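Chemist: This is the structure, below, for whatever I ask next.
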Amino acid sequence: MHDTILEAVGLTKEFKGFTAVKEVNLQVRRGTIHALIGPNGAGKSTVFNLLTKFLPPTAGRILFKGRDITAMRPADVARLGLVRSFQISAVFPHLTVLENVRVALQRHQGTSFHFWKAESSLHALHERATALIEAVNLTPWTGHTAAELPYGRKRALEIATTLALDPEVMLLDEPLAGMGHEDIERTAALIKRVAADRTILMVEHNLSVVAHLSDTITVLRRGEVLAEGPYAVVSRNAEVMEAYMGT
Ligand code: ADP
Ligand code: MG
Numbered sequence: 001m002h003d004t005i006l007e008a009v010g011l012t013k014e015f016k017g018f019t020a021v022k023e024v025n026l027q028v029r030r031g032t033i034h035a036l037i038g039p040n041g042a043g044k045s046t047v048f049n050l051l052t053k054f055l056p057p058t059a060g061r062i063l064f065k066g067r068d069i070t071a072m073r074p075a076d077v078a079r080l081g082l083v084r085s086f087q088i089s090a091v092f093p094h095l096t097v098l099e100n101v102r103v104a105l106q107r108h109q110g111t112s113f114h115f116w117k118a119e120s121s122l123h124a125l126h127e128r129a130t131a132l133i134e135a136v137n138l139t140p141w142t143g144h145t146a147a148e149l150p151y152g153r154k155r156a157l158e159i160a161t162t163l164a165l166d167p168e169v170m171l172l173d174e175p176l177a178g179m180g181h182e183d184i185e186r187t188a189a190l191i192k193r194v195a196a197d198r199t200i201l202m203v204e205h206n207l208s209v210v211a212h213l214s215d216t217i218t219v220l221r222r223g224e225v226l227a228e229g230p231y232a233v234v235s236r237n238a239e240v241m242e243a244y245m246g247t
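Heads up: the sequence shown is residues 1 to 247, going by the UniProt record's numbering.
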């Protein structure tokens, strides 16, 4: 039912003789929420950096939509539809929420500023920006600058500017980090909505949210896959529990 959209095969990364990621095999199925968890230093961020081509692997291959992207540049991978939050979509603190989303949309279009001067295009741009802002529940903040947003809303804006790039797979690195209870609930609901027509791979420490949101969880320990499956399966794994208690 769900075909594999993103795959790592024997992914390995060594830093000066230290193996941070060791022969990791990962299959992310289209349309799912897939979480990558593990104790500090397990290699989660390194796997993200490898998948988005910010780091070259020592060994292994990465396939996206059946295509080998191992040798591709980050920008080309993003153009194909594999986008990490904050990768291309910077949030400009002194621009308003609306302006930030418009800039992200314009950059995605890759068209010149002049194109958007045409009345109809400007209208389309505004409509699209407004819809994205609505989608992340930022409508009341439309006219505020990014700098004025509370922390959780700022992260929502970052998700909006990433969505502006219309990614097929969105990688989120600790989307709930530093959030209070209310923002966590709001952002979890947002991730769920985003996943309705996209694929999400996220690194997240909040286990109850991971349990609630994820179709599949991959547990990393010391650079290796320790366990994989739905939460009900992974949480019954004694080694997984030990890995968490041990830190
Ligand atoms: P996690 O995100 O799971 O906490 P990381 O992927 O950041 O783990 O790190 C995995 C291991 O690789 C850690 O031991 C870390 O110190 C090491 N590491 C990460 N990046 C580098 C680097 N650029 N140079 C050397 N060691 C690194
Ligand atoms: Mg990390």
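From the three backbone atoms N, C-alpha and C, an ideal C-beta is built for every residue, glycine too.
If you're wondering where the values come from, they're calculated on a predicted model, not measured in any experiment.
1) Does ligand 2 have even one heavy atom less than 7 Å from the beta-carbon of SER45?
2) Is GLY41 close to ligand 1? I mean its beta-carbon at under 7 Å from any heavy atom of the ligand.
3) Specify the secondary structure class of LEU149 as computed by DSSP and reduced to three states.
4) Please look up how many angstroms separate the CB atoms of LYS13 and THR52, rounded, as I've assumed it's under 8 Å.
5) What residue range is occupied by the uninterrupted alpha helix (DSSP H) comprising ILE191?
6) With H, G and I counted as helix, E and B as strand and the rest as coil, what does DSSP make of ARG30?
7) So LEU201 packs on LEU6, CB below 8 Å; how close in whole Å?
8) Keeping to the same chain, check which residues put their C-beta closer than 8 Å to that of VAL209; ignore five residues upstream and five downstream.
9) Compute every distance between the C-beta of PHE18 and the non-hydrogen atoms of ligand 1, then say whether any falls below 7 Å.
10) Check whether the segment 21 to 35 and the segment 214 to 232 touch, using three or more Cβ-Cβ pairs below 8 Å as the test.
11) TRP141 to GLU174, Cα distance in whole Å?
12) Grouping DSSP H, G and I as helix and E and B as strand, with all else coil, what is residue 252?
13) Could you check how far apart the C-beta atoms of THR161 and MET170 are, in whole angstroms? I think they sit under 8 Å.
14) In whole angstroms, what is the alpha-carbon distance linking ASP3 and LEU63?
15) Is PHE15 near ligand 1, going by C-beta to nearest heavy atom under 7 Å?
16) Pick out whichever of LYS154, VAL83 and LEU207 has its Cα sitting closest to the Cα of GLU168.
17) Between the alpha carbons of ARG67 and GLY60, how many angstroms are there, rounded?
18) Who are the Cβ neighbours of HIS126 in its own chain at under 6 Å, not counting the five residues just before and after it?
19) Going by the CB atoms, is the gap between ALA146 and ASN100 shorter than 8 Å?
20) Roughly how many angstroms lie between the CA atoms of PHE48 and SER120, to the nearest whole one?
21) By a C-beta neighbour count over all protein chains shown, 10 Å radius and 16 as the cutoff for buried, is TYR231 buried or exposed?
22) Say yes only if the C-beta of GLY60 is nearer than 7 Å to one or more non-hydrogen atoms of ligand 1, and no if none qualify.
Modeler: On the basis of the coordinates in this document:
1) yes
2) yes
3) coil
4) Wrong, their Cβ atoms sit about 13 Å apart, outside the cutoff.
5) 181 to 194
6) coil
7) 7 Å
8) LEU176, ILE184 and ALA188
9) yes
10) yes
11) 23 Å
12) Only positions 1 to 247 of the chain appear in the structure, and residue 252 is not among them; the question remains open.
13) Rounded, the Cβ-Cβ distance is 12 Å, inconsistent with contact.
14) 13 Å
15) yes
16) VAL83
17) 14 Å
18) none
19) yes
20) 39 Å
21) buried
22) no
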